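2 protein chains.
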Amino acid sequence: MTEVVTVELGARSYPIVIGAGLLAEAGRRIAELRPGARCAIVTDDNVEAAHGAALRAGMTAAGVDHVTLTISPGEASKSFATYERVVGGILDARLERNDLVIAFGGGVVGDLAGFAAATVRRGMDFVQIPTSLLAQVDSSVGGKTGINAAQGKNLVGAFHQPVLVLADTDVLRTLPAREFRAGYAEIVKYGLIDRPDFFSWLERNRHEIFAFGPALVEAIATSCRAKAAIVAADETERGARALLNLGHTFAHALEGATGYDGARLVHGEAVAIGLVLAHEFANRLNLCDADAAGRVRDHLGAAGLPVAIADIPGPTPDADTLQRFIAQDKKVKRGRLTFILTKGVGKSYIADDIPPHEVLAFLRGKTAA
Amino acid sequence: MTEVVTVELGARSYPIVIGAGLLAEAGRRIAELRPGARCAIVTDDNVEAAHGAALRAGMTAAGVDHVTLTISPGEASKSFATYERVVGGILDARLERNDLVIAFGGGVVGDLAGFAAATVRRGMDFVQIPTSLLAQVDSSVGGKTGINAAQGKNLVGAFHQPVLVLADTDVLRTLPAREFRAGYAEIVKYGLIDRPDFFSWLERNRHEIFAFGPALVEAIATSCRAKAAIVAADETERGARALLNLGHTFAHALEGATGYDGARLVHGEAVAIGLVLAHEFANRLNLCDADAAGRVRDHLGAAGLPVAIADIPGPTPDADTLQRFIAQDKKVKRGRLTFILTKGVGKSYIADDIPPHEVLAFLRGKTAA
């Protein structure tokens, strides 16, 4: 089963193709999309080892001329130095503006290769072949590309839409179970933002999704469709797109307070805890009932995800530390905090008037301190 | 006298204000345009020494909070390293997406600061205050920003339009005469592309322009209007914008063959020779009459600009060397060369079918070799 989700952005619209076995077809699809174009495949060492040969075999069979540029796996590659190296590799391969950059990997590769594509010769087209569940449901929609600066993550980049996304669910079979679960947290997020029926569907179909059944393709497609609808309404993040940050203010604070130590907490896990906290905080503010928060916690917990600050291994951050990270966040305006809150499952909204003391009091109840 | 040229690009339209004394008014205009915005002024050491205090005094008087980031003058600053430093400076100043980057200098500052603005937080607005004649008539229109790579000039960048351009003609009084003349060559180019009446007007008003009379403002305004019309028709350089390269294929070859040695040949001088060569080459191909080529040569020569390869001081490049640089140029397709040629003054067009041997034969007649 293959599903196609079209991200509607006028002249920059593009299809996301989701299904099993797409890697082998990638060369043929690229040759049809852009006959004669040459490709620079940007990937990391892990993806290259697991799937590089399969992608290249299909490209060679389809007559697509290509070079491969590999980076080290991990967030540290979203640096100015690696950006310069990838840009140099694309230029050394003498790719022109009508050629293609292929971002073949997870979020780090997508962000970095997308930014290189956005800026080489002032903009080359690029194709995303996301290889993590998180990248398939999150990074492949929205056009955010970029690298990190000493001052913070994702502070340098561009909005640059791909011309095609190929999400091969077979590739996900080689993902560590923990990474798969982490991506699942973002799928759940889309139900919680504004799709209560999708959340109910996930409650019924979680087992099939984790067993790589047909529901996996449908879950990815619905997630992409949900994100695409929000992005189409707000391409450059001036308004409604903030809804995508449901659970993320808490998540970023947890990641910051644990030093972005992926051994303790990966992003999707932080999002899982953040989603539960957002609903519990909304419940504390009498915005949503305790039943909604309970459903969220139960569902994410049943999927094997952490759902409370105490679930993070090692010494857990205290409330004041978390509050400090939240206050540093860019979503602070005139002494009030902006949170994505909710009136129940699938009823989230942007609240820009949250008093910091309410957050601190809530966090004190959720932490050891 | 102040003239305003509006660059019409839909939601990205912006005004270019041209006149004397604009530097002192910049702070007030910026405060009106974007109340409360903070500014990062990016400039080079020379411009800083000559005009930095005047710009900052006006900004302080208008209550505009600002920091200044200086770079070394010259093309070498269009590097990844300087880009990273400028981006870091903007982030260290904690500028947000609603704040402004001010590109205060010539083409190098405009390209570099514009690229930083295009990419910090995935896009900040920027204001250009061009301080060279070349930057006022060329870089301030079109939205091209970028840096150089080891593989070539301007190979990394973005299309990013400013929100305001302030072209202060008083600032040009401190320009070396040679830089002023070099900028004038680009003004002449606009007449030669498609404005024969403007070229005739320049023939009559050249003395007043060089004497900083009212004709200078008019010449800059007409140049900006001419470039804006071409850019509006082709914002991302897929077609008609190539007309702006009139004279530039020869110019780039001359710059490359003399090692980009600004002591021997600055860009505008190369353009002057390139404009003459383009008309002479068109005449050789029986596209335009000898009289047109003569008018171009006479006018540029009278302005004190070089008009022949032999006018370049030092050992002049031979025809084969120039031909090699032309062939390396990105405008080569299927063994044929793309040139901007002309059927007479103000009648230029894109010719994409020029046989290389015709160019070589022409160049042999124009060089010692």
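So the sequences go chain by chain: A and B.
Mapped onto this note's numbering, the consecutive letters of the first sequence carry residue numbers 1 to 369.
Mapped onto this note's numbering, the consecutive letters of the second sequence carry residue numbers 370 to 738.
Backbone N, C-alpha and C define an ideal beta-carbon position, used for all residues, glycine too.
Here the structure is a predicted model, which is why all the values come from computation and not from measurement.
query                                                                                                                         : result
For Ser509(B) and Asp563(B), the rounded distance between their alpha carbons                                                 : 20 Å
Close Cβ partners of Val506(B) (< 6 Å) along its chain, the five nearest in sequence each way excluded                        : Glu555, Ile556, Ile589, Ser592
Cα-Cα separation between Asp111(A) and Ile41(A), rounded to whole angstroms                                                   : 14 Å
Residue from Asn523(B), His435(B), Pro404(B) whose Cα sits closest to the Cα of Tyr452(B)                                     : Asn523(B)
Range covered by the beta strand (DSSP E) that runs through His435(B)                                                         : 435-440
When Thr514(B), Ala595(B), Thr500(B) are compared against Ala488(B), the one with the closest alpha-carbon                    : A quick correction: the sequence has Thr, not Ala, at residue 488(B). If we check each option's Cα against that of Thr488(B), Thr514(B) comes out closest.
Cutoff 7 Å: Ala527(B) Cβ touching any chain A Cβ                                                                              : yes
First through last residue of the alpha helix (DSSP H) which encompasses Ala554(B)                                            : 546-563
Whole-angstrom distance between Ala24(A) and Ile129(A), CA atom to CA atom                                                    : 12 Å
Validate contact between the stretch 238-257 of chain A and the stretch 38-56 of chain A using beta carbons, cut 8 Å, 3 pairs : no
Rounded C-alpha distance that separates Gly274(A) from Gly405(B)                                                              : 34 Å
Delimiting residues of the alpha helix (DSSP H) encompassing Val470(B)                                                        : Looking at the DSSP string, Val470(B) is not in any alpha helix (DSSP H); the run it does join, the beta strand (DSSP E), is 469-474.
Under 9 Å from the C-beta of Lys144(A): neighbouring residues of chain B                                                      : Arg491
Contacts of Gln151(A) in chain B (Cβ-Cβ under 8 Å)                                                                            : Gly457, Leu460, Asp461
7 Å Cβ cutoff, Thr488(B) in contact with chain A                                                                              : yes
Element boundaries [alpha helix (DSSP H), containing Phe212(A)]                                                               : That residue, Phe212(A), is in no alpha helix (DSSP H); it is neither H nor E in DSSP.
Beta-carbon proximity check, Gly27(A) vs Val64(A), cutoff 7 Å                                                                 : yes
Residue-level contact to chain B via CB, Glu84(A), 7 Å cutoff                                                                 : yes
Interface residues of chain A facing Leu481(B) [CB-CB closer than 8 Å]                                                        : Result: empty, since nearest Cβ-Cβ is about 13 Å, beyond 8 Å.
Inter-stretch contact (C-beta, 8 Å, three-pair minimum) for the stretch 56-70 of chain A and the stretch 194-206 of chain A   : no
Any chain B beta carbon closer than 7 Å to Leu172(A)                                                                          : no
Beta carbon proximity, Phe708(B) to chain A, threshold 7 Å                                                                    : no
With 16 other Cβ atoms within 10 Å as the buried cut-off, status of Gly483(B)                                                 : buried
Own chain residues within Cβ distance below 7 Å of Ile719(B), not counting five before or after                               : Ala611, Leu612, Thr707, Ile709
Cα-Cα separation between Leu356(B) and Gly268(A), rounded to whole angstroms                                                  : Residue 356(B) falls outside the range modelled here, since chain B spans only 370 to 738, and no answer is possible.
Own chain residues within Cβ distance below 6 Å of Gly683(B), not counting five before or after                               : Arg633
Limits of the alpha helix (DSSP H) - the one that Asn283(A) falls within                                                      : 267-284
Beta-carbon proximity of Cys657(B) to Gly713(B), cut-off 7 Å                                                                  : yes
Beta-carbon gap between Leu95(A) and Val127(A) smaller than 7 Å                                                               : no
Inter-residue Cα distance where the pair is Ala229(A) and Tyr190(A)                                                           : 11 Å
Exposed unless 16 or more other CB atoms sit within 10 angstroms - verdict on Met370(B)                                       : exposed
7 Å Cβ cutoff, Leu469(B) in contact with chain A                                                                              : no
Test item: CB-CB of Leu654(B) and Ala688(B) under 7 Å                                                                         : no
Asp168(A) burial status per 10 Å Cβ neighbour count (16 or more: buried)                                                      : buried
Proximity below 7 Å, CB of Leu305(A) to CB of Ala257(A)                                                                       : no
Lys366(A) - containing alpha helix (DSSP H), residue span                                                                     : 356-366
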